[in-house]
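One structure is given below, encoded as structure tokens.
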Amino acid sequence: LVALSDEAALDEDVVAEQHRVDTITSEPSDQYRLVVAKISKSYDGRALAVRNVSFAVKSGECFGLLGVNGAGKTTMFRMLTGQVQIGAGDALINEKSMRNNSYSSMSSSGYCPQFDALSPNLTAREHLRYYSLLRGVPKESVDTVVNWALNELQLNAYADEICSSYSGGNKRKLSVAIALVADPPLLLLDEPSAGMDPSTQRFMWNVLLQLRKSKRAIVITSHSMEECEVLCSRIAIMSRGQLRCIGPIQHLKHRFGEGYTLTIRLCKAENISKVQKYMAELVPAAQLEAVHCLTMFYQIPNASCTIASVYDAICKMQQLVEIDDYSLSQTTLDDMFVSFVRLTSSDEADEDSRS
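With this note's numbering, letter number 280 in the sequence shown gets 487, and the count goes up by one each step, no holes.
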């Protein structure tokens, strides 16, 4: 299986992470709970689903793995949880090789799958007792572990009811609780708050933030950019099986985001053309993205001007045009993700046209 990629074509942060992983694997360190080293995977000789991916996750870090459907996230998780064999490369969980000692390495991780794998006729307490015993918790400690997990995920009120009666949010809570039994140093959570109402979602985020403080390492996949902004210390975006970028969210926003979003709400339709004229004069770098009813949306690149100069321009414009309201906000992770996917899709289309 060939698992090579042209380093020159990779993002500089991705290359730096590869070099960091090379150093970690040659000089092992107990501060890393997960080290993914040049992992690749193909199915039936087809194109690589995961291509030469490397990253490392420390204790107390929450690492977000993002990407559109088909990017390779699911295959990556299936390899890290032992559902499929690693094609090339290796992964170290708590310093134990998945290739050389898969059972021992996987015993150091807890897994919450994307879809709840629960028995409808068992209660939450019975699930947790079963998985505690399966994971080697001493019999005399099982009740303590079960009660702790029920309390941690606020499932006490439903502990002795069968799972088929649970709401989607409570099923998700139980799936996360199962991942916590035996106190694993690494948690692999596939969309942990999917399907939850906003209140339950916030509760789940608080649970995961507390787990980070207890020095567990957490790897999540999520379609919620808000969730990643709340939980993740670093994220990586996958596309076509490769990491396309990696780093702290603020760093990636600065590199790949589009600066600031200026929203201007007007009182009269005839003022739209006036605002366009004045914006072109006062903030020439601002790009009009959309006009919806009486609301105008501008994107302002990072390096083009300061926030203060934009506010000065708006104040001047308010003396010339009747403006109902305006707001200036930093690009969100959602905006950055869409922008990045658009950018990589364009690059890939260019590659395809040349090949």
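All residues carry an ideal CB built from backbone N, CA and C; glycine is no exception.
Using a Cβ distance threshold of 7 Å, P391 and S311 do not count as a contacting pair. DSSP places R227 outside any beta strand (DSSP E); the residue lies instead in the alpha helix (DSSP H), whose first and last residues are E219 to S233.
Here I453 is actually not in contact with E436; their C-beta atoms are around 16 Å apart, not less than 8 Å. Counting only residues of its own chain and dropping the five nearest sequence neighbours on each side, T230 has no CB closer than 8 Å to any other CB. Pairing V275 with S261 gives a Cβ-Cβ distance that is not under 7 Å. Taking a 10 Å sphere around the C-beta of T470, we find fewer than 16 other C-beta atoms and assign the residue as exposed. DSSP places L273 in the uninterrupted beta strand (DSSP E) bounded by C269 to L273. Taking a C-beta distance under 7 Å as the contact criterion, S247 and A298 do not qualify as a contact pair. The C-beta distance from Y318 to L438 rounds to 17 Å, too long to meet the 8 Å contact threshold.
Taking 7 Å as the cut-off, the Cβ atoms of G271 and I427 count as close. For the options D541, S371, Q292 and D350, the alpha carbon positioned closest to that of L459 is the one of D541. In the DSSP assignment, Y318 forms a beta bridge with L395.
Under the three-state reduction of DSSP, L459 is assigned to helix. Boundaries for M411: no beta strand (DSSP E) harbours it, while the alpha helix (DSSP H) harbouring it runs P405 to K420, taken from the DSSP string. Residue nearest to A389 within the set L416, R342 and Y373 is R342 (criterion: CA-CA distance). In this chain, the alpha helix (DSSP H) harbouring Y518 covers I514 to Q525.
With the rule of 3 Cβ pairs closer than 8 Å, the region 372-391 counts as touching the region 411-421. Boundaries of the alpha helix (DSSP H) around S339: A331 to L341. In the DSSP assignment, D350 falls within the alpha helix (DSSP H) that extends over K346 to E359. Fewer than three Cβ pairs drawn from the region 356-365 and the region 322-329 lie within less than 8 Å of each other, which leaves the two stretches out of contact. Distance from the Cα of V498 is smallest, within the candidate group E268, I479 and A515, for I479. In this structure, the beta-carbon distance from L340 to V353 does not fall below 7 Å.
A direct Cα-to-Cα measurement between L501 and L473 gives close to 5 Å.
Using a C-beta cut-off of 8 Å, the region 247-256 makes no contact with the region 416-425, since fewer than three inter-stretch Cβ pairs fall below that distance.
Every beta strand (DSSP E) stretch that sits fully inside the region 419-506 and reaches 3 residues is listed by chain position as 424-428, 441-446, 449-454, 467-473 and 494-499. With contacts defined by Cβ atoms closer than 7 Å, Y467 and I507 form a contacting pair.
For S536, same chain residues with a beta-carbon under 7 Å away, outside a window of 5 residues either side, are Y467 and T468 in chain order.
Annotated three-state conformation of D297 is strand, per DSSP. In the three-state DSSP reduction, V545 falls in the helix class (H, G or I). In the displayed model, L540 falls within a helix according to three-state DSSP.
One thing to note: Y239 has its Cβ within 7 Å of the Cβ of A263.
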